[in-house]
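To start, the structure itself, in structure tokens.
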Amino acid sequence: MSELFLTRIFEAPRELVYQAFVDPDQLSQWFGPVGWSVPRDTVQIDARPGGYQRFVMVNDADPAMTSPASGVLTELIPNELLVATEEVTTPDGTYTMTLRLEFHDEDGKTRLVLRQGPFDDTVEGQAREGWMSSFTKLDALLAR
Amino acid sequence: VATDRLSVIFAALADPTRRAILARLAEGDANVTELAEPFAISLPAISRHLKVLEQAGLIARSRNAQWRSSSLRAAPLREATAWMEGYRQFWDENLNRLDAHLKRRLREQEEQQT
Chain R
11 MSELFLTRIF
21 EAPRELVYQA
31 FVDPDQLSQW
41 FGPVGWSVPR
51 DTVQIDARPG
61 GYQRFVMVND
71 ADPAMTSPAS
81 GVLTELIPNE
91 LLVATEEVTT
101 PDGTYTMTLR
111 LEFHDEDGKT
121 RLVLRQGPFD
131 DTVEGQAREG
141 WMSSFTKLDA
151 LLAR
Chain L
0 VATDRLSVIF
10 AALADPTRRA
20 ILARLAEGDA
30 NVTELAEPFA
40 ISLPAISRHL
50 KVLEQAGLIA
60 RSRNAQWRSS
70 SLRAAPLREA
80 TAWMEGYRQF
90 WDENLNRLDA
100 HLKRRLREQE
110 EQQT
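These protein sequence lines map, in sequence, to chains R and L. This note's numbering applies: residue 11 is where the first sequence begins, and numbers increase by one. This note's numbering applies: residue 0 is where the second sequence begins, and numbers increase by one.
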């Protein structure tokens with residue numbers, strides 16, 4: 011299993027950076043990759059532990075192309091931490107992807123630390139994970 | 000890469016038994032009996048796992064019914080890595096926009112103060 015790890019410094023106090031993620035007006039003004047927008051009326055945020063963050067990304071060139079996002083805010087410390095989980099549905103069931111955002115103050119600037127995962131990546135990674143879990147099963151079996 | 004295709008791949012990879020099967024196949028081709036060895040599950044259950052892996056394009060199975068060996072296909076796993084890279088690019092662009100947004104907000108705040 012592997013996770014995406016990104017860190018970036020913003021020349022703004024962390025209150026402002028944090029607000030950009032939890033204030034619906036703010037989020038709709040910047041969120042989405044180039045060529046995509048988040049219409050304000052699609053954004054619903056309940057910014058407290060156990061709350062939610064829902065919105066829809068709409069393709070600027072083809073508004074029929076949309077990408078909805080719906081996360082549960084599992085951990086939340088104002089101006090410090092946001093953890094959201096999203097159920098990813100597949101034909102074989104669902105699994106949970108976690109997005110963790112840390113807001114660190116660095117002399118009035120903000121260091122954002124982003125982790126997202128899990129992503130299965132290399133054969134080697136899966137091999138390790140797979141073997142570990144089968145060894146765990148084997149241990150359990152031998153302990154009977 | 001189409002999302003639904005990747006969903007099938009990740010669904011296949013989500014199961015620890017199937018990952019262990021892939022790990023075994025990374026060492027060389029094997030038939031159902033050999034693949035079942037490390038697990039306390041039945042041959043039909045292993046066959047079901049192999050079917051899921053085959054549908055995801057993660058393994059290929061020989062047509063020979065007597066010795067139906069499976070072999071690992073690496074290409075979809077590279078797609079899975081590409082999937083994560085897609086997210087990286089998504090966040091890179093996203094955070095560029097956040098940066099621009101924060102600069103706008105700070106300018107607005109300064110203008111209000113003066």
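For glycine and all other residues, C-beta sits at the position ideal for the given N, C-alpha and C.
- At a cut-off of 8 Å, the C-beta of L/HIS100 has a neighbouring C-beta in chain R.
- In this structure, the alpha-carbon of L/ARG60 lies about 41 Å from that of L/GLU92.
- Across the structure, L/ARG23 and L/ALA35 are spaced so that their CA atoms are roughly 10 Å apart.
- For L/GLU92, the C-beta contacts it makes with chain R under 7 Å involve PRO43, VAL44, in order along the chain.
- As the crow flies, the alpha-carbon of R/TRP40 is around 17 Å from that of R/THR120.
- Look at L/ASP98 here: in three-state DSSP terms it is helix.
- The C-beta of R/PHE15 has fewer than 16 other C-beta atoms within 10 Å across all chains shown, which makes the residue exposed.
- With its beta carbon at least 8 Å from every one in chain R, L/LEU52 lies outside the interface.
- In terms of beta-carbon proximity, L/LEU49 stays away from the interface with chain R, with every pair separated by 8 Å or more.
- With respect to chain R, the C-beta atom of L/ARG60 has no partner C-beta closer than 8 Å.
- R/PHE15: member of the beta strand (DSSP E) spanning 12 to 20, first to last residue.
- In this chain, R/PRO43 is not harboured by any beta strand (DSSP E), its DSSP state being neither H nor E.
- In the three-state reduction of the DSSP assignment, L/GLU109 falls in the helix class, which pools H, G and I.
- Note on geometry: alpha-carbon atoms of R/GLN63 and R/PRO128 lie some 20 Å from one another.
- For L/PHE38, there is no enclosing beta strand (DSSP E), as DSSP marks it with neither H nor E.
- Going by C-alpha positions, L/SER70 is about 19 Å away from L/ALA10.
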